[in-house]
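For the sequence shown, the numbering used here assigns the number 870 to the initial residue and increments by one for each residue that follows.
For reference, the structure discussed in these notes is given below.
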Amino acid sequence: MNVHPATDLKAAFTGYEPGDPPLLQELGIQFTTIHQECSLIFHTPTKSAHIDRVDLTGPLILIFIFSFILLLTGKVLFGCVYFMCVLCTLVMHFVLNAMGESEIEYVVVCSVMGYAMLPVVFFAAVHVLMCYLDVSVNVSLVCGGVGAFYSAFVASEVFVAYLKLRNVRVLVCYPTFLVYMAFVVLALY
C-alpha cells in the first residue's frame, strides 16, 4: 500500500481525504442557487417556474443580515426577529392552506417569505444611512412601506401561482404585507 505521508497528516488533523466533496456541497449550500433566488425577486414573471427548488439557507442568511443591520442601529433583537419569522411563517402557512384547495408545505412558505424579504433588508440598510442623515421618520416610514408592499407583492404572486388560486391575490397580499410591515416597524423603532 503506497500511502503519501503529507496526505495522512493533513487527513489526521482536518478530516480531509482526497476525493471528498467540499463541505458546503455536502451540506447542500449552493451560493449560485441563493443568487438566482434573490435575483428572481426582481424578475416577477419567472418566479412561479422556480418554486420547485426549496432553499432555506438564503432566507436564513437574509434574516441574519437583517438582525445584524438592526444591531448596527443599537437594537439587539436577534431573538425577536427569529421568533417573528417562525410565528409569521406559521400563520401564513395556516392562511394559505385554508385558502387553497391544494396544500403548501411549510418549507416552501419559509423559503418564499424569506427570499421575498430582500426589499425589507435593503430598507433596513438604507434606514441606517437615513438615521445618520437625520431624515424624517415619516419619510422612512413611507420608504419602508414601499419595501414591505413590494415584498408582499412578490410573495403573494408566488403563492397564488403555486397554489393555482384565482381572484384571491389581495387576500394573500394583505397578510403578507402585514408581516413585512412588522419587520419594517422593527427596523424603524
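From the three backbone atoms N, C-alpha and C, an ideal C-beta is built for every residue, glycine too.
The beta carbon of C1000 lies closer than 7 angstroms to those of T942 in the same chain, with the five residues before and after it left out. Short of 8 angstroms from the beta carbon of L1055, and not among the five residues preceding or following it, lie these beta carbons of its own chain, in chain order: L939, K944, L946, C949, V950, M953.
Membership of G897 in any alpha helix (DSSP H) is not indicated, and neither H nor E is assigned to it by DSSP. Per the C-alpha coordinates, the member of L1040, Q894, P928, P890 positioned closest to H904 is P928. Runs of the alpha helix (DSSP H) lying entirely within the region 1020 to 1058, each at least 4 residues long, are 1038 to 1057 in chain order. In the assembly as shown, G897 is an exposed residue. Its beta-carbon has fewer than 16 other beta-carbons within 10 Å.
Annotation: the continuous alpha helix (DSSP H) that includes I938 extends over 926 to 941. Closest in alpha carbon position to A985, among F911, P890, F900, is F911. If you look at L998, you'll find it in the alpha helix (DSSP H) that goes 987 to 1001. Taking the Cβ atoms as the reference, F1052 lies roughly 18 angstroms from V1041, outside the contact range of under 8 angstroms.
With the rule of 3 Cβ pairs closer than 8 angstroms, the region 1032 to 1047 does not count as touching the region 930 to 938.
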